[in-house]
Amino acid sequence: MSATTTVAAERPSIDATAASNHQSGTPHEPDDQAHRGHPTTQLDVEDTPQLSDENVEYPTGVKVWLAVGAMYTAFFLNGLDITIVAVAVPRLTDYFKKVDDIGWYSAAYGMTASAFIPLFGKACTVFTPKSIALIGQITFLLGSILCTFSSQSGTFICGRALAGLGASALNSSCLTLVTHLFPSHKRSLWLSLAGGSQSIGLSLAPAIGGALIDRFSWRACFGINIPLCSFAIVFSYFFVTDPIPPPGLDAPLTKKIKKLDIPGTMIIVPCIVCLLLGLQWGGIKYGWGDVRIIVLLVLFAVLALVFGVLQYRLGERAMVLPKIAKKRSTVAAMWFAACCSGTLAITEYYTSIYWQGVRGDTPTVAGLLSLGLIVGLSVGCIVSGFGINYIGYYTPFMIATSVLAPIASGLLTTLDLDESKVKIVAILAMLGFGVGIGLNAPYQAMATILSPQEVSLGIALIGFAGGLASALFISASATLFQIRLRDEVLNFAPGTNITALSHAGLSDIRGLIGQQNLKDVLTGYNRATVETLYMPLALSLLTVLGSAAMEWVSVKKKQD
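Spelled out as structure tokens, the structure:
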């Protein structure tokens, strides 16, 4: 008998028990608490009691390894695509001649990757997570194809946005599937290994991207996703099964779609777009007092308010469930994830610019020098996975991040033109380890404090916070970088044609400027980069609010 059949067969008896308890007045936790004070007639008739580990037949042997392999392949691809764009940025500016667009190459991805995560998280409670994973993989593949064959910057940005949409579906569904494949006391380890597989993609991306650019072109950085993603689609279709199917799986399609909170998605997406456009254009394309910037920011505030009111009114039908969002651990986890994601995104982006733009290294060399950050991140994720599984608590690892990350991030703000490369790589490794040791804790918190049916919604909130933070802070840092670049270059090299410089590729400045003023211009570039790196320093310091607020809950609680 398959795991799916077993759960389906057991559900009627569970429901019968719940009904019996309700009729006899016997308390039934935690559903009784969730609906206390509400008339029985107002309850969703499809609500089911929370499943315990004893009610689920988890896959074992080859079956679970094949499923895990499919999920970890998706995580690896996501990690590869997130990092590889940073290595390609200087060559993208050379090709498209659009330095002003550098923030969008990552922000477009992060915007869709974050904005649609709540929708896909909700979808995993209505449809099978496997079907959502397949949709995500196909969408990611289409986005990669568009990026690979783009001839204009705008088309490339659209491809990045489409790939981000696929990534949002993958993040929600694959993490949900990992939590469904293992009992509660094993989830922390396997979630950390999932983060480790993504970190491997992050780790290899700089070296792979640099080699592909030097050997072929920047297009190969995104073309590599095409065969890998095609393999992942086939792998997932044939080998992934979910032992915990969502309730009401046989309901009509129209009824399922009504549960997805489409209106909420239609509000949150333009809300985020307005904010990103305001941050991207403010102070660069238009002044902060320009009516267009003011309208964008006002629209963002209004849409955010409407979205909040809508979620409150929808209650249990919302894609952001109030009973999950208002938990102390959920708020702390979202804050912590946002700060960590912003720290990593900005640091990775501008250290790549530093290596190729300021120091003049080739993409391959820049990729290898950037490995320190990602290798440190991978080691931190793996250490925390085994550590949490051993001691039973994830909060101490978040506290470790709040101590180590600000120290390393602060050291990066001391970079100059003649800085030792070994020293920089060591600092990046320290920062990666410092962030990595607590990076997966928010996801483990959701897997610990929520039931299997609710995990996808909690994971969606964490992914939403992290993805949105990456997109927002990349946009904000791009604006800051361009403002400081203009001011610092004119400060160190008066008379430089800033307009021509802004339309040149980051790796073309040596040919444009010439040797006479090159050092002064590069000093300005270096100062602009360092001043931008103060943003990740501030974000790493702010992680302390999340780690201090996180509750101490044992991941071994359900095992005892």
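In this note's numbering, the protein residues as written are 535 to 1094. For every residue, glycine included, the Cβ atom is placed at its ideal position computed from N, Cα and C. Quick caveat, the model's predicted, so the values are computed rather than measured.
If you draw a straight line from the C-alpha of residue i to the C-alpha of residue j, how long is it?
| i | j | result |
| --- | --- | --- |
| LEU811 | MET645 | 11 Å |
| PHE773 | VAL598 | 9 Å |
| LEU675 | ASN759 | 7 Å |
| ALA695 | SER731 | 23 Å |
| TYR888 | SER954 | 13 Å |
| SER770 | ALA703 | 14 Å |
| ASP628 | SER640 | 17 Å |
| TRP1086 | ILE925 | 12 Å |
| PRO804 | ALA649 | 9 Å |
| VAL807 | LYS656 | 21 Å |
| ILE691 | ILE636 | 10 Å |
| ALA754 | GLN686 | 16 Å |
| TYR1068 | VAL1055 | 21 Å |
| ALA934 | GLY972 | 7 Å |
| ARG1061 | ILE618 | 25 Å |
| LEU911 | ASP784 | 42 Å |
| PRO652 | GLN1050 | 53 Å |
| VAL621 | GLY992 | 32 Å |
| ILE611 | ILE908 | Going by the sequence as given, residue 611 is Leu instead of Ile. Whole-angstrom Cα-Cα distance: 15 Å. |
| GLN671 | CYS763 | 7 Å |
| ALA642 | VAL917 | 32 Å |
| GLY1058 | ALA1072 | 22 Å |
| GLY906 | THR689 | 32 Å |
| SER1088 | MET964 | 28 Å |
| MET800 | LEU839 | 14 Å |
| THR982 | ALA871 | 16 Å |
| LEU794 | THR864 | 21 Å |
| VAL1023 | GLY698 | 34 Å |
| SER936 | ALA701 | 28 Å |
| ALA1027 | THR607 | 48 Å |
Would you kindly report the start and end of the unbroken alpha helix (DSSP H) that includes residue i?
| i | result |
| --- | --- |
| THR659 | Counting along the chain, THR659 falls outside any alpha helix (DSSP H), and DSSP gives it neither H nor E. |
| ASP1021 | 989-1026 |
| MET964 | 955-973 |
| SER687 | 687-715 |
| TYR846 | 825-848 |
| THR935 | 929-946 |
| ALA859 | 856-859 |
Would DSSP call residue i helix, strand or coil?
| i | result |
| --- | --- |
| GLY894 | coil |
| TYR820 | strand |
| TYR1068 | helix |
| TRP1086 | coil |
| TYR490 | The first residue shown for the chain is 535 and the last is 1094, placing residue 490 beyond what the model contains. |
| TYR883 | helix |
| LYS792 | helix |
| PHE920 | helix |
| ALA608 | helix |
| SER985 | coil |
| SER912 | helix |
| ASP635 | helix |
| ALA785 | coil |
| ASP615 | helix |
| GLY926 | coil |
| SER731 | helix |
| LEU951 | coil |
| SER648 | helix |
Evaluate residue i with the Cβ neighbour count: other Cβ atoms within 10 Å of its Cβ, from every protein chain shown; 16 or more gives buried, anything less gives exposed.
| i | result |
| --- | --- |
| TRP822 | exposed |
| TYR884 | buried |
| LEU787 | exposed |
| TRP752 | buried |
| LYS957 | exposed |
| PHE661 | buried |
| ASN923 | buried |
| ASN705 | buried |
| ALA835 | exposed |
| ARG893 | buried |
| GLY1080 | buried |
| PRO976 | buried |
| ILE791 | exposed |
| ARG1018 | buried |
| ASN1025 | exposed |
Using a C-beta cutoff of 7 Å, does residue i count as contacting chain C?
| i | result |
| --- | --- |
| SER731 | The displayed structure is made up of one protein chain only, and chain C is not part of it. |
If you measure from the CB of residue i, is any heavy atom of the ligand GTP nearer than 6 Å?
| i | result |
| --- | --- |
| THR1066 | The ligand GTP is not part of the structure shown, which contains no ligands of any sort. |
Run through the stretch 734-780 for me and flag every whole alpha helix (DSSP H) of 4 or more residues, listed as ranges in chain order.
-> Secondary structure in the stretch 734-780: the alpha helix (DSSP H) runs of 4 residues or longer, each lying completely within the stretch, are 754-757, 759-773 in chain order.
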